[in-house]
Every structure is written in C-alpha cells, then in structure tokens.
Amino acid sequence: MVTIPEYYEGKNVLITGATGFMGKVLLEKLLRSCPGVKSAYVLVRPKAGQGPNARIADMINCKLFDRLREEQPDFAEKIIAVKSDLTQPDLDLSIEDQETLIGCINIVFHCAATIRFNEPLKDAMQLNVLATQKMLNLAHRMKHLEVFIHVSTAYAHCDRELIEEVVYPLPVDYRKLIDTLEWMDDKLVSLMTPKLLGERPNTYTYTKALAEHLIQQERGNLNIAIIRPSIVGASWKEPFPGWIDNFNGPSGIFIAAGKGILRTMRASNNAVADLVPVDVVINTTLAAAWYSGSQRHARPRSMLVYNCTTGGINPFHWGEVEYCINMTFKTNPLEQAFTRPNYWTTVSHTLPALLYDGFLMLTCQKPRMMKTITRLHKAMMVLEYFTSHSWVWNMDNVTMLQDNCYSRGTIRLMVVSALSYATL
21 MVTIPEYYEG KNVLITGATG FMGKVLLEKL LRSCPGVKSA YVLVRPKAGQ
71 GPNARIADMI NCKLFDRLRE EQPDFAEKII AVKSDLTQPD LDLSIEDQET
121 LIGCINIVFH CAATIRFNEP LKDAMQLNVL ATQKMLNLAH RMKHLEVFIH
171 VSTAYAHCDR ELIEEVVYPL PVDYRKLIDT LEWMDDKLVS LMTPKLLGER
221 PNTYTYTKAL AEHLIQQERG NLNIAIIRPS IVGASWKEPF PGWIDNFNGP
271 SGIFIAAGKG ILRTMRASNN AVADLVPVDV VINTTLAAAW YSGSQRHARP
321 RSMLVYNCTT GGINPFHWGE VEYCINMTFK TNPLEQAFTR PNYWTTVSHT
371 LPALLYDGFL MLTCQKPRMM KTITRLHKAM MVLEYFTSHS WVWNMDNVTM
421 LQDNCYSRGT IRLMVVSALS YATL
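Take 21 as the starting number for the sequence shown in this note's numbering and just add one per residue.
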C-alpha cells in the first residue's frame with residue numbers, strides 16, 4: 021500500500037466547509053503534509069461583500085498557515101476557490117464549474133454543516149441533510165472520484181449509550197420528512213420538532229443522524245467513509261499547539277473560566293470529557309480517505325465509519341478538566357482577567373456583571389458584561405447535556421486505521437495525553 025503523501029500525489033481534492041474551523045485545519049494539513057497534491061478546490065459562499073477568492077485570501081493570511089507559508093511559499097496557487105451556496109439548487113454552481121469538478125475531482129471532503137445546536141429544524145435540514153444530498157448527487161456524476169469523506173459527529177446517535185461504528189436506522193423516513201417540511205410553516209415545524217428529536221437534545225445531532233442515514237441509502241456505488249469526531253478542541257501538535265479560531269463550545273467556556281467570568285458550571289464530575297484535538301480529527305480524516313481510496317479495488321466497497329473519540333483510550337473526566345483549568349489559569353493568569361478563577365464559589369454570575377456594567381456606565385463607558393454573561397449562559401445550557409452524560413464508542417475501525425498508519429510510519433492519529441492537552 022502506498023503512503024499517505026504518495027496517495028495524494030497528483031490528486032484533485034474538493035473541500036466543503038473550508039472556511040470553518042475544521043476545514044481550515046484540513047486544508048493546511050493536506051497542503052503541508054502532502055505537497056504533491058495537485059489542487060484543492062474549495063466551495064465558498066460570498067459573504068459580507070467578499071467574493072470567494074477574497075475570503076480565501078483573507079483566510080490563508082492567518083497564523084494557522086504560517087508554517088505552510090514558510091515551507092511552501094507558493095502553496096496558495098494550489099487553492100482554487102469556487103463560488104457556491106450549499107443551500108441553493110445545484111449548490112449554486114455555474115455550469116462551467118460543475119463540468120470542471122465532474123471532470124477532475126478525485127477526493128471529496130464534505131465538512132460543511134451548521135454547528136448551531138438549536139438551529140430551527142428547517143434550517144438545520146437545509147445544510148446538514150439537503151446539502152449532503154446535493155453533494156452526493158454531484159459526486160455520482162464525477163468521472164474520476166475515488167473516495168467521498170463525510171464529516172459527521174460522534175453524538176449523531178447520542179440517544180444510545182453504546183455507539184458502534186455503524187449507521188443506525190431511524191424511526192422516520194428522511195424522504196417523507198423532507199417533503200413534509202417543504203409545505204409546513206415554521207410554527208407547525210416548531211411544534212413538531214420535540215417529537216421528532218425524541219431523546220436527542222437538539223436539531224444538530226438529529227440532522228447529522230439523518231444525513232448519515234441518507235448517505236447509506238443514496239450512496240450507490242460511491243466509495244464513502246464517515247468520520248465522527250466528539251467535542252473538537254484546539255490543536256494538540258499541528259501546526260502548533262493550542263490553535264483555535266473561535267470560542268464556540270468548550271473553548272469559549274475555558275477562556276471565560278480563565279478570565280474569571282465563568283465561576284460555576286453545571287457538569288457531572290464523573291462524566292467523561294470526550295475532547296479531541298482538531299489536528300487528531302484531521303489526521304484521521306486524511307488517513308481514512310487514503311485507506312478507502314488506495315484500497316478501493318482490493319476490498320468490498322462497504323461504508324466505513326470512524327468514531328474519532330478519546331474517552332475509550334484516555335478517559336478524562338469533567339472534574340479533572342475543572343481542576344486542570346483552575347490550576348493552569350491560577351499559575352498563568354490571562355491578561356485583563358475579570359476575577360481570578362474560583363470554581364468553588366456560589367456567587368452568581370449575574371450580580372458581578374450588573375455591578376461591573378454599572379461601573380462602566382458611571383464612567384461613561386459602554387456596558388458589556390451582561391451581554392457576555394448572557395451569551396455564556398446560553399453556551400452552558402447547550403453544552404450541559406454533553407457535560408452531564410457519558411457514552412461508550414466502539415473504535416475498532418480507528419484502531420485498524422491507526423495500525424495501518426503506524427506500520428507505514430505515516431500520519432499520527434490518536435495517542436493523546438489528556439493531561440498535557442488540557443493544560444496547553
């Protein structure tokens with residue numbers, strides 16, 4: 021079997037969601053570790069008056085790409101921005117762009133998704149389910165496609181305690197649901213949503229499960245693999261430790277704790293904090309494409325699912341996360357901290373925020389702390405389900421993939437020190 025860089029040599033790759041957190045890391049890692057890749061086509065939606073090329077130019081100027089820029093000064097020449105909107109018919113691709121992609125793409129990484137946990141069901145369906153269906157339709161027309169990688173989530177089937185590396189059947193026919201949502205008004209959809217979700221906590225996990233089922237039903241002869249990461253956090257090693265581009269999810273919570281703004285949080289000390297570094301997820305994603313693509317003639321085209329989680333390898337609990345963050349920020353306090361972190365206080369967040377905003381108003385400054393606290397509380401409410409429950413994920417396929425990588429001395433996947441990662 022060829023090595024990972026050898027497999028990507030001369031390949032044309034298509035990436036959706038390239039301007040998102042994981043998409044950026046995927047693009048950087050692909051170009052840096054597989055310098056022989058021919059081109060990386062990225063589907064980009066015009067936004068805030070910027071066209072696709074301008075958005076990509078801005079994106080690659082960030083610190084994430086500094087190492088790549090130093091090693092390969094001309095790397096940007098391989099990135100081809102394609103105007104697209106995944107919520108529109110035919111992905112809003114021009115006829116010319118469709119023909120180009122159909123004629124040259126070898127590998128597809130479908131990373132795009134809405135990560136807003138409580139998105140209205142119609143909106144979540146548009147990007148997480150219908151966009152996936154459109155990408156599959158495009159992939160079926162590609163003349164040289166070797167593998168299609170879909171990025172899902174380890175929590176797609178969070179209504180189960182034990183989650184195998186399989187796609188589970190759903191109690192609803194996704195085709196009928198898609199048809200029904202077309203004629204329903206928003207109020208009726210909102211009333212119906214809790215019944216559809218069942219034991220799932222939000223529309224994000226529900227629609228990601230629907231997307232997996234759709235892929236299973238409509239993949240035909242496509243060679244497909246599904247990546248299921250758990251809670252994706254800052255980079256562990258590559259391109260440097262601690263990189264992140266947003267404060268969504270746990271990252272924002274950790275920073276708020278370091279600033280002393282967050283002083284209490286609802287979580288189970290004994291629940292496993294299944295945090296996985298973004299570079300580990302991306303390494304697994306690239307390796308999965310390599311394995312399925314290079315073995316496409318040697319093995320049956322069964323759809324491989326990879327549970328990219330850490331709890332089964334290095335279990336780390338939310339109580340331990342609390343301790344590590346507390347000690348880290350006490351030893352190395354952040355600049356402009358509101359208060360020193362104190363996890364054992366019962367003082368409300370709201371009262372200090374009101375007092376602080378009152379002080380700002382008295383000194384003719386714009387109040388901001390209550391707005392921050394409100395956003396923080398919303399984030400904590402969304403995360404509470406995941407910080408209060410534990411799951412067991414089977415990882416046989418990830419272990420197999422890791423063994424294949426190690427035997428060829430290629431990309432490192434999953435050996436993460438939980439303590440060293442938590443105290444980056």
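A virtual CB, placed ideally from N, CA and C, is assigned to each residue, including glycine.
Given a threshold of 16 other Cβ atoms within 10 Å of its Cβ, counted over all protein chains shown, does residue i qualify as buried or as exposed?
i	result
Cys-82	exposed
Tyr-224	buried
Val-64	buried
His-164	exposed
Ile-115	exposed
Gly-331	buried
Trp-203	exposed
Val-252	buried
Met-401	exposed
Tyr-426	exposed
Gly-30	exposed
Gly-37	buried
Ser-445	Outside the modelled stretch of the chain, which goes from 21 to 444, sits residue 445, for which no answer is possible.
Ala-308	buried
Met-21	exposed
Pro-221	buried
Pull up the DSSP beta-bridge partners for residue i, would you.
i	result
Thr-36	Leu-63, His-130
Trp-413	Ile-183
Leu-217	Note: Leu-217 sits in no beta bridge, so no partner.
Arg-248	Asn-327
Gly-253	Pro-297
Val-292	His-337
Let's see if you can read the secondary structure: which residues bound the beta strand (DSSP E) around residue i?
i	result
His-170	167-171
Cys-328	324-328
Pro-4	The requested residue 4 does not occur in the structure, where the chain is confined to residues 21 to 444.
Assuming residue i and residue j are in contact, meaning their beta carbons sit under 8 Å apart, how far apart are those beta carbons, in whole angstroms?
i	j	result
Leu-106	Ala-151	4 Å
Ile-235	Leu-156	7 Å
Ile-24	Trp-310	5 Å
Thr-120	Arg-75	Incorrect: roughly 19 Å between the Cβ atoms, too far for contact.
Asn-126	Asn-266	At roughly 30 Å, the Cβ-Cβ gap does not stay under 8 Å, so Asn-126 and Asn-266 are not in contact.
Ala-176	Lys-228	4 Å
Return the first residue and the last residue of the alpha helix (DSSP H) that residue i is part of.
i	result
Asn-73	72-79
Gly-43	41-53
Asn-266	Careful: Asn-266 lies outside any alpha helix (DSSP H) and carries neither H nor E.
Ala-231	223-238
Lys-196	194-203
Tyr-27	24-28
Leu-190	Looking at the DSSP string, Leu-190 is not in any alpha helix (DSSP H), and its letter there is neither H nor E.
Gln-153	151-161
Checklist entry - What are the uninterrupted segments assigned as alpha helix (DSSP H) that are 4 or more residues long and contained completely in the stretch 84-147, given in chain order? => result Listed in chain order, they are 86-91, 115-124, 141-145.
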